[in-house]
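Q:
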Amino acid sequence: LVLELNQVIIPTYGTVPDQQNLHTPEWVDFDDKPDSLFFSDGQRRIDFVLVYEDESKKITHKRSDRKKHKRKRQVYESNLINNGLQLEATRSVLDDKLIFVKVHAPWEVLCTYAEVMHIKLPLQHNDLKTRDSAFNWFSRLFRVDENIIKPEQEFFTAPFQKEHLSNFYIHDKDTFFNPATRSRIVHFILSRVEYATKNNVKKFGINKLLDTGIYKAAFPLHDSNFRHLSTDPNCPSERYLLYREWAHPKNIFKLQPLDFIRKYYGEKIGIYFAWLGFYTNMLTVAAVVGVGCFLYGCLTKDNCTWSQEVCDPNIGGNIIMCPQCDKVCTYWNLTITCESSKKLCIFDSFGTLVFAVFMGIWVTLFLEFWKRRQAELEYEWDTVEYLEQEEQVRPEYEARCTHVVMNEITQQEEHVPYTACGKCIRMTFCTSAIFFWILLIIASVIGIIVYRLSVFLVFSATLSQHISGTEAISKYLTPQTATSVTASLISFVVIMILNIIYEKVAILITDFELPRTQTDYENSLTTKMFLFQFVNYYSSCFYIAFFKGKFVGHPGNPVYWLGKYRNEECDPGGCLLELTTQLAIM
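No gaps in the numbering here: position 187 of the sequence shown is 187 in UniProt numbering, and each next residue is one more.
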């Protein structure tokens, strides 16, 4: 694929040394058609837009930096033109420092790259008859009106090949490639075109130009404003239809027009919203069962045997408990925990047990049913995953393929970005970085535990003095409750901060790994984020559920942390109420 890109697709790959050899975009004035999706000639469609700030009007950069930025941008745009794209530049009417560069991909360029990217395109109409479901009449009540959003035609498809052009269903060259596919192809080109060479290392891609500030933005265009129809008669206003018939809150009970979403945004976004809708529907069932179990706990809390015994002055009132801390804490009566034991019975009931068993079954059913739904969509949309060798190599990977190795299977030389030793070093570094951040989370949890142990002493000594005159508050605002709530809030803040930082770190680590394909990149990043977030979100919950109150010793011989802090205990009824508080704050 690298060879094919270099020899066929990018014949002028490299910087242009002389200023006079640079190709520049056509300059036109704004045509007073804000809803237009075409160049000023009204024929060529805008497939992408690049935005930059006029270097001659910048006042924040040094003059030498402005010249370098301008040179890189000019080389980049010249190479885009050399690759067959057509550019048209227009100055902003609101801010004369901003320049909009409209990008159009002609038919030949679209065909060439569609073949390289193995894009599946329609061959002929799908004439296979489909069997209607027995529930089709019922689901029709919740579907989008077919007179507003017409059903998409179904086609047999195949990976595009220029030599078999006549076999494809080309009713109109302008609509053969839909806008989502056109933007995808143009982005593929923008990500691989060079703008500079330094120390024999090629610099390329729109992402780096955005990072360095040479361009302010790069994006495809929506076809209209989502609140009203386009004034352009050639515009179908599909975005407006999607908002009115799908995204508007009034359509909350309607089925999603997935085929239309896929047509407008592409398969990747379409499959995401298919999953999101399926997940939401399945969660509705879980929510109904969960609310039922919660109501059961509320209705039966007064009949809870052990709560009645705690609140009974003849039983709980005669039980004296040992001090929960040294020096400042005193002996206390078990009936003090009467209110918290009643609240605990809401969650620590038979209903919770039923819900836990139900969720174990629900998760399995969700995964299996989603596999069926995903397979169905993949068949309907013809998006069964390509083989690994058919997926495009990431441009960042291509640029670093400087080492030559012998493929043991094909016995042919291959270009790779690193040697076997270099790969081991990268993997060791990345794994170490992940474990470092996980250990950092565990360290933060330990810090919060120490906070709980130390602040409990403070609340035990001061809380009763400040609220002694208000009996209603003193029932609920106990030292245990105050410690639990404040520790949960601090834990929440720490989790959010670590999450924001690690998200950026995970991207840097994955970039350093240099995965070969976009799928490999996304899988690697997802694995890192999952491992981190699982530990980050649930480590404090694991501590409360499985460790807190398990190692407290016995009266006269308590266990101390760091030889200083007495290990904290659970409520006499257990730590479930505190665990519920922690999850609620999360």
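We put the beta carbon where it would ideally sit given N, CA and C, even for glycine. Remember, predicted model here, so these are calculated numbers, not experimental data.
Hey, E513 and C430: beta-carbon distance below 8 Å or not?
A: Walking along the sequence shown from the start, residue 513 turns up at place 513. Walking along the sequence shown from the start, residue 430 turns up at place 430. Closer than 8 Å, so yes.
Q: Should G297 and S349 be called a contact, given that it needs their Cβ atoms to be closer than 8 Å?
A: As a position in the sequence shown, residue 297 is number 297, starting the count at 1. As a position in the sequence shown, residue 349 is number 349, starting the count at 1. Cβ atoms of G297 and S349: closer than 8 Å.
Q: Helix, strand or coil for G574 per DSSP?
A: Sequence index remark: in the sequence shown, residue 574 carries index 574 (1-based). Correct three-state label for G574: strand.
Q: Considering Cα atoms alone, identify which of I81, T130, A506 is closest to T24.
A: Position 24 of the sequence shown, counted from the start, is the residue given in the question as residue 24. Answer by Cα proximity: I81.
Q: Using a Cβ-Cβ cutoff of less than 7 Å, which residues in the same chain neighbour K548 once the five nearest sequence positions on both sides are dropped?
A: As a position in the sequence shown, residue 548 is number 548, starting the count at 1. Within the same chain, K548 has close Cβ partners E568, C570, C575.
Q: Drop a sphere of 10 angstroms on the beta-carbon of T337, count the other beta-carbons inside from all chains shown, and report buried for 16 or more, exposed for fewer.
A: Taking the sequence shown and counting its residues from 1, the one referred to as residue 337 is at position 337. Answer is buried; the Cβ neighbour count reaches 16.
Q: At which residue ranges does the stretch 395 to 423 contain complete alpha helix (DSSP H) runs of 4 or more residues, listed in the order of the chain?
A: Entirely contained in the stretch 395 to 423, the alpha helix (DSSP H) runs reaching 4 residues are, in chain order, 395 to 399.
Q: Looking only at its own chain, which residues have a Cβ that is under 7 Å from the Cβ of L210, when we skip the five neighbours before and after it?
A: To locate residue 210, count along the sequence shown from 1; it is residue 210. Cβ within range, chain order: A218.
Q: Buried or exposed, going by whether 16 or more other CB atoms sit within 10 Å of the CB of Y113?
A: In the sequence shown, residue 113 corresponds to position 113, counting from 1. When all chains shown are included, Y113 counts as buried.
Q: Just the C-alpha distance for N147 and T527, rounded to the nearest angstrom, thanks.
A: Here residue 147 corresponds to residue number 147 of the sequence shown, with the count starting at 1. Here residue 527 corresponds to residue number 527 of the sequence shown, with the count starting at 1. Looking at the two C-alpha atoms, the distance is approximately 44 Å.
Q: Between the stretch 224 to 234 and the stretch 25 to 37, do at least 3 Cβ pairs fall closer than 8 Å?
A: The answer is yes - the stretch 25 to 37 touches the stretch 224 to 234, with three or more Cβ pairs under 8 Å.
Q: Return helix, strand or coil for G84, following the three-state DSSP convention.
A: One-based indexing of the sequence shown puts residue 84 at position 84. Residue state, collapsed to three classes: coil.
Q: Please classify L295: is it buried, with 16 or more other beta-carbons within 10 angstroms of its beta-carbon, or exposed?
A: Against the sequence shown, residue 295 aligns to sequence position 295. Classification of L295: exposed, given that the 10 Å Cβ count is below 16.
Q: For E245, which three-state DSSP category applies?
A: Mapped onto the sequence shown, residue 245 falls at position 245. The answer is helix: DSSP assigns E245 an H, G or I state.
Q: Could you give the DSSP three-state label for G553: helix, strand or coil?
A: For the purposes of this step, residue 553 is taken as the residue at position 553 of the sequence shown. It is a strand residue.
Q: Give the single residue among Y195, R426, A584, R44 whose Cα lies nearest to the Cα of E88.
A: Mapped onto the sequence shown, residue 88 falls at position 88. Ranking Y195, R426, A584, R44 by Cα distance to E88 puts R44 first.
Q: How long is the line joining the alpha carbons of Y243 and V505, rounded to whole angstroms?
A: Within the sequence shown, the letter at position 243 stands for residue 243. Within the sequence shown, the letter at position 505 stands for residue 505. Going by the C-alpha atoms only, they are around 36 Å apart.
Q: Can you list, in chain order, the residues of its chain with a C-beta nearer than 8 Å to that of L241? Leave out the 5 residues immediately preceding and following it.
A: As a position in the sequence shown, residue 241 is number 241, starting the count at 1. So the list reads I148, I149, F260, once near-sequence residues are dropped.
Q: How big is the Cα-Cα spacing for L583 and G213?
A: As a first step, residue 583 must be located in the sequence shown, where it is residue number 583. As a first step, residue 213 must be located in the sequence shown, where it is residue number 213. Taking the straight line joining both Cα atoms gives about 42 Å.
Q: Whose C-alpha, out of V51, I119, F30, R400, is nearest the C-alpha of G42?
A: Position 42 of the sequence shown, counting from 1, holds the residue named residue 42. Taking only the C-alpha atoms, the option nearest G42 is F30.
Q: Helix, strand or coil for A443? Go by DSSP, reduced to three states.
A: Mapped onto the sequence shown, residue 443 falls at position 443. Helix.
Q: Return the chain-ordered list of same chain residues with a C-beta closer than 8 Å to the C-beta of E471, the five sequence neighbours on each side being excluded.
A: Taking the first residue of the sequence shown as 1, we reach residue 471 at position 471. Reliability of the predicted coordinates at E471 is poor, the pLDDT of 49 falling under 50, and the value obtained from them is presented with this limitation in mind. Nothing listed; no residue qualifies.
Q: For T517, which of helix, strand or coil comes out of DSSP?
A: Position 517 of the sequence shown, counted from the first residue, corresponds to residue 517. Strand.
Q: Determine the extent of the beta strand (DSSP E) in which V101 is found, giving its start and end residues.
A: Your numbering for residue 101 matches position 101 in the sequence shown. First-last of the beta strand (DSSP E) with V101: 98 to 104.
Q: Using 8 Å as the cut-off, can you tell me whether the stretch 264 to 271 makes contact with the stretch 343 to 360, which would need three or more C-beta pairs spanning the two stretches below that distance?
A: Segments in contact, no.
Q: By alpha-carbon positions, which one of R63, K250, I509 ends up nearest to M427?
A: Taking the first residue of the sequence shown as position 1, residue 427 is located at position 427. Looking at the Cα atoms, I509 is the closest of the given residues.
Q: Would you report the Cα separation of V380 and N281, rounded to the nearest angstrom?
A: To locate residue 380, count along the sequence shown from 1; it is residue 380. To locate residue 281, count along the sequence shown from 1; it is residue 281. A quick correction: the sequence has Glu, not Val, at residue 380. Cα to Cα, the separation comes out at about 21 Å.
Q: Keeping to the same chain, check which residues put their C-beta closer than 6 Å to that of H403; ignore five residues upstream and five downstream.
A: If you number the sequence shown from 1, residue 403 lands on position 403. The answer, listed in chain order, is V416, T419.
Q: From the DSSP output, in three-state form, read off M117 for me.
A: Start at 1 with the first residue of the sequence shown, and residue 117 comes out as number 117. Reduced to three states, the DSSP call for M117 is coil.
Q: Verify whether the separation of the beta carbon atoms of residue 588 and L221 is less than 8 Å.
A: Within the shown structure, residues of the chain are numbered from 1 to 586, placing residue 588 beyond reach of any answer.
Q: Is it buried or exposed for C322, if we count other Cβ within 10 angstroms and need 16 for buried?
A: In the sequence shown, the residue the question calls residue 322 occupies position 322. The residue in question, C322, is exposed, as its Cβ has fewer than 16 Cβ neighbours within 10 Å.
Q: Under 7 Å Cβ to Cβ from T581, same chain only, skipping five residues before and after it: list those, please.
A: What you label residue 581 is simply residue 581 of the sequence shown in a count that begins at 1. If we look at T581 and ignore the five residues flanking it on each side, its Cβ neighbours are S484, V485, S488.
Q: Go to T197, then tell me how far its beta strand (DSSP E) extends in each direction, as first and last residue.
A: The count along the sequence shown starts at 1 and reaches residue 197 at position 197. First-last of the beta strand (DSSP E) with T197: 194 to 198.
Q: Please go through the same chain and pick out, in chain order, the residues whose beta-carbon is closer than 7 Å to the beta-carbon of R452, but skip the five residues on each side of it.
A: Indexing the sequence shown from 1 puts residue 452 at position 452. So the list reads T483, A487, E568, once near-sequence residues are dropped.
Q: Which partner residues of M586 appear in the DSSP bridge assignment?
A: Your numbering for residue 586 matches position 586 in the sequence shown. Its beta-bridge partners do not exist; DSSP assigns none.
Q: So residue 587 is in the beta strand (DSSP E); what residue range does that whole segment cover?
A: Residue 587 lies beyond the residue range present for the chain, which begins at 1 and ends at 586; the question has no answer from this structure.
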